[in-house]
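S.K.: Pasting a structure below so you can have a look.
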Amino acid sequence: MRGKKVEQTIHPDPCPELIVERGPKDEGVGAWVPEQKHRLLCEYLHATRHAWKKWPSRVFIDPFAGPGRIQVKGEPFTRDGGAVRAWRTLADTAPFTHMLVGDINSERALACEKRLKTLGASVISIAGPAIETVPRMVQVVPQGALCMAFVDPYNLELLSLAIIQELAKLKVDLAVNFSTMDLQRNAELEFDPARARFDGTAPGWREQPSVLSASRPNVKAAFFKYWREQVRKLGFDHSREMPLVHNDQGHPIYRMIFFARHDLPNRIWGDVARGPNRSFSFDE
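Here the working numbering is used: the first residue of the sequence shown is 2, the next is one more, and so on.
Shown next, in the form of structure tokens:
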């Protein structure tokens with residue numbers, strides 16, 4: 002099931018009149034968005050394309066999908082967003098039978114839906130916070146469907162464990178963007194009870210002996226390990242390959258963590274993610 006690298010073809014916008022994601026300052030998103038995050042997701046989908054063909058119901062879930070179109074800073078053109086790019090990756094081999102996309106902003110969620118529909122996808126968009134939209138997405142997934150969930154929140158605070166608990170009700174693999182930069186900036190302050198930003202991400206983390214006994218420099222590693230353990234308790238294991246995503250200045254900002262209930266998907270993800278300076282595990 003291993004395949005060649007996925008080419009980053011620049012497709013024309015199927016709905017050029019609709020809103021485009023250009024980052025928080027409207028200057029364009031970082032090049033790392035298509036070159037690292039989206040590329041890893043789509044290379045995994047491409048590598049598993051023949052396995053997807055065996056399932057009559059194939060569902061892609063992206064509760065942080067945005068408008069389905071991005072513009073990279075410094076580029077005069079726009080590119081497919083993650084959900085649209087995922088659709089195109091399997092469109093010729095094993096197209097997703099259902100695309101479930103969301104965004105906290107209704108205009109953005111609807112824009113993603115319209116772009117996908119224009120390409121022929123069967124899609125439902127649900128607007129609102131992911132902690133509210135994911136349960137609704139789970140409810141409409143056909144029984145027995147094979148699902149791929151791309152969980153790409155804007156910051157660590159939005160990565161609520163409740164989201165993953167809902168997704169765990171499905172036959173699903175998870176590609177999760179874990180904001181190491183957010184954790185780097187804030188974890189050491191979280192012992193103050195007034196600062197509970199990450200309590201939804203890893204409930205109970207501040208009471209864990211492994212965290213309480215950690216030195217200040219190691220609090221972040223202890224938090225990350227505890228979070229992974231909470232996801233494991235839902236029946237998942239993660240690939241040992243947890244590649245760092247760097248911003249345009251070369252600073253690490255995310256780790257892409259892949260969770261599955263079976264060894265084969267994790268091994269395939271490992272093949273895709275493995276590379277110079279891309280491998281990492283706190284367990285090593």
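Yeah, the Cβ is synthetic: ideal placement off N, Cα and C, and Gly gets one too.
Since we're looking at a predicted model, the values are computed, not measured.
Does DSSP classify Glu-242 as helix, strand or coil?
M.R.: strand
S.K.: On the DSSP bridge assignment, give the partners of Met-149 in chain order.
M.R.: Phe-61, Asp-174
S.K.: Are the stretch 231-247 and the stretch 32-42 touching by the rule of at least three beta carbon pairs closer than 8 Å?
M.R.: Touching, per the Cβ criterion.
S.K.: Which class does Ile-269 belong to by DSSP, given the choice of helix, strand or coil?
M.R.: helix
S.K.: DSSP state of His-12, grouped into three classes?
M.R.: Residue state, collapsed to three classes: coil.
S.K.: With C-beta atoms as the reference, is Gly-29 less than 8 Å away from Glu-76?
M.R.: yes
S.K.: Any chance you could list the beta strand (DSSP E) runs of at least 3 consecutive residues sitting entirely within the stretch 211-239, in chain order?
M.R.: Those beta strand (DSSP E) runs which fall completely within the stretch 211-239 and span 3+ residues do not exist here.
S.K.: Indicate the three-state DSSP secondary structure (helix, strand or coil) for Ala-128 in the structure shown.
M.R.: Residue state, collapsed to three classes: strand.
S.K.: So, at 7 Å on beta carbons, what are the nonlocal neighbours of Gly-67 in its own chain, with the 5 sequence-adjacent residues on each side left out?
M.R.: Here the set comprises Glu-22, Gly-82, Asp-104, Arg-109, Cys-113.
S.K.: Please determine, among Asp-183, Pro-17, Ala-150, the residue with the shortest C-alpha to C-alpha distance to Leu-159.
M.R.: Asp-183
S.K.: Would the beta-carbon of Leu-175 fall within 8 Å of that of Ala-203?
M.R.: no
S.K.: Let me know the secondary structure DSSP gives Gly-75 once reduced to three states.
M.R.: coil
S.K.: Based on Cα-Cα distance, which residue from Ala-131, Ala-197, Arg-262 lies nearest to Glu-167?
M.R.: Comparing Cα-Cα distances from Glu-167 to each of Ala-131, Ala-197, Arg-262, the minimum goes to Ala-131.
S.K.: Is it true that the CB of Arg-70 sits closer than 8 Å to the CB of Asp-153?
M.R.: no
S.K.: Leaving out five residues on either side along the sequence, give the residues of the same chain with a beta carbon under 6 Å from the beta carbon of Asp-284.
M.R.: Note that Asp-284 scores a pLDDT of 41, beneath 50, so its modelled location is shaky and nothing firm can be said.
S.K.: Starting from Arg-50 and walking both ways along the alpha helix (DSSP H), at which residues does that stretch end?
M.R.: 50-53
S.K.: Just the C-alpha distance for Ile-11 and Val-73, rounded to the nearest angstrom, thanks.
M.R.: Distance between the alpha carbons of Ile-11 and Val-73 is about 12 Å.
S.K.: Measure the beta-carbon distance from Leu-41 to Ala-261 and round it to whole angstroms, keeping in mind my assumption that it falls under 8 Å.
M.R.: That pair is no contact at about 15 Å.
S.K.: I need the DSSP call for His-263, collapsed to helix, strand or coil.
M.R.: coil
S.K.: Between Lys-38, Gly-129, Asn-106, which has its C-alpha nearest Ala-87's C-alpha?
M.R.: Lys-38
S.K.: In three-state DSSP terms, what is Tyr-255?
M.R.: In this structure, DSSP gives Tyr-255 an extended state, which the three-state scheme calls strand.
S.K.: List the whole-angstrom C-beta distance separating Val-135 from His-99, where the pair is believed to meet the contact cut-off of C-beta under 8 Å.
M.R.: Not a contact, Cβ separation roughly 14 Å.
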